[in-house]
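Colleague:
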Amino acid sequence: EFQIAAGTCCLVPVGTTGESPTLSHEEHERVISEVVQIAAGRVKVMAGTGSNSTAEALRLTRWAAKEGADASLQVAPYYNKPTQEGFYQHFKAIAEDVSLPICVYNIPGRTGKNIEPETIARLADIPNITMVKEATGSLDQCSQILNSTNLTVLSGDDSLTLPMMSVGAEGVISVAGNIVPHDVVAMVRAVADGDWLAARQWHHKLFALCRDMLGLSTNPIPVKTAMRLLGRDAGELRLPMTALTESQEQQLRQTLTAYGLTLQ
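Quick note: the sequence shown uses the working numbering, first residue 908, plus one each step.
(1) Which partner residues of Gln981 appear in the DSSP bridge assignment?
(2) Exposed or buried, which one is Gln981 when buried takes at least 16 other CB atoms within 10 Å?
(3) What is the rounded straight-line gap between the Cα of Thr1018 and the Cα of Glu992?
(4) For a quick check, are the C-beta atoms of Pro989 and Met1038 less than 8 Å apart?
(5) Taking the C-alpha atoms as reference points, what is the distance between Ala1083 and Leu1159?
(6) What runs of the beta strand (DSSP E), each 3 residues or longer, lie entirely inside the region 1034 to 1077?
(7) Counting along the chain, where does the alpha helix (DSSP H) carrying Ala1133 start and finish?
(8) Helix, strand or coil, according to DSSP, for Val921 in the structure here?
(9) Among Glu941, Trp1103 and Ser1124, which residue has its Cα nearest to the Cα of Ser1154?
(10) What is the C-beta distance between Ala913 and His1089, in whole angstroms, given that I count them as a contact (C-beta under 8 Å)?
(11) Do Leu1067 and Gly1044 count as a contact pair if the criterion is CB distance below 8 Å?
(12) For Gly948, which beta-bridge partners are listed by DSSP?
(13) Among residues of its own chain, excluding the 5 on either side of His935, which ones have a beta-carbon nearer than 6 Å to its beta-carbon?
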């Protein structure tokens, strides 16, 4: 409800920030089902259903489709480090099994291997692979994808959303949006409206907050701490995630206060 009231157009449950790696299969499915039910068609739902096991990704994606999700966020297989052909065959198998629009999630800092632009261009020929969440931190890679495909490119790094949109990306799957969704939406809408001055102003306002959301510690540790400090407790972190240190939490408090947010 907080996101919908702020104007967010799509909810993304059980991604990185939702601690999907430490949810049981039953919990993962329950989160998807409840978010779809609560959204009730008011906004889209892109369910995180990726895995480093193609069979598991298929099972989760089938569940999301059955429950009424609008799209699937498919993280690149992690740890097992497939070849580029392995990446292609993994996503192809999922896309051919379900009719949901698929967003390929490329985050080599977590998965251990980059999906190269040439591979993404091959995947773009599959009709229901329609989006890519780019979290490589590379404007070059973003530009290569935009030049060679018709995919919708979404930023996976809050601090790079505006630079990526300047070369043609269309939005962001945001971490900072869990704290100030209205402001993230305002920046994206400013770009869509061609108001680059306003977009730059939002970017600079958001920058310190985005830096701490992603830089103080591993996501989602800072953002869940911030939610607690702002009175929207999102529950305990599950091991192996651990709490911020006292000095890190103090820095986060200062950042939130400087932004103009009221701590509880």
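From the three backbone atoms N, C-alpha and C, an ideal C-beta is built for every residue, glycine too.
Modeller: Here's the rundown:
(1) Val1011
(2) buried
(3) 16 Å
(4) no
(5) Computed Cα separation, rounded: 13 Å.
(6) 1036 to 1041 and 1059 to 1062
(7) Start and end: Ile1128 to Leu1136.
(8) coil
(9) Ser1124
(10) 4 Å
(11) Cβ atoms of Gly1044 and Leu1067: closer than 8 Å.
(12) The beta-bridge partner set that DSSP reports for Gly948 is empty.
(13) Val921
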